[in-house]
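Heads up, the thing below is written out as structure tokens.
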Amino acid sequence: MVEVYVSLRRIGAVLHVARDGLMVARVNVDRADRLVGLTVMDYSMRRIGSIKDVVGPVSSPYALIKPIKGLKASEYVGKQIYVRGVDLERIMRGGRHE
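Residues in the sequence shown are numbered consecutively from 535, following our numbering.
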């Protein structure tokens with residue numbers, strides 16, 4: 535059996551769920567605009583959604599996260615959110631993500 539090690543990087547926390555169902559999260563990452571399209575996970579590596587947009591001032595950006603179907607987004611309010619470390623490193627270098 536092969537063990538796969540995947541590092542997670544915390545990017546912020548979910549503040550609330552908007553009326554349109556998107557989760558609003560305060561992110562604390564340099565160049566937050568590059569996060570669009572990344573898959574967001576919880577601490578146990580469960581996929582919770584993907585980042586659709588980043589809004590707000592550069593000094594305190596907010597990510598709009600579209601939750602996956604069937605996810606009860608309100609359960610994640612106040613919880614930390616993460617992305618795969620390899621994805622974050624790739625986009626911060628200026629590379630593309632899948």
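Backbone N, C-alpha and C define an ideal beta-carbon position, used for all residues, glycine too.
Starting from the N-terminal side, write out each stretch of the beta strand (DSSP E) that is 3 residues or longer and does not extend beyond the stretch 558–614.
The stretch 558–614 contains these whole beta strand (DSSP E) runs: 573–575, 581–589, 596–601.
My understanding is that V617 touches M575, with C-beta atoms under 8 Å, so please give their C-beta distance in whole angstroms.
7 Å
Which stretch, first to last residue, makes up the alpha helix (DSSP H) that contains R624?
It spans 619–626 - the alpha helix (DSSP H) in which R624 sits, taken as one unbroken run.
Using 8 Å as the Cβ pair cut-off and three pairs as the minimum, do the stretch 579–589 and the stretch 620–627 touch?
By the Cβ criterion, the stretch 579–589 is not in contact with the stretch 620–627, since fewer than three pairs of Cβ atoms, one from each stretch, lie closer than 8 Å.
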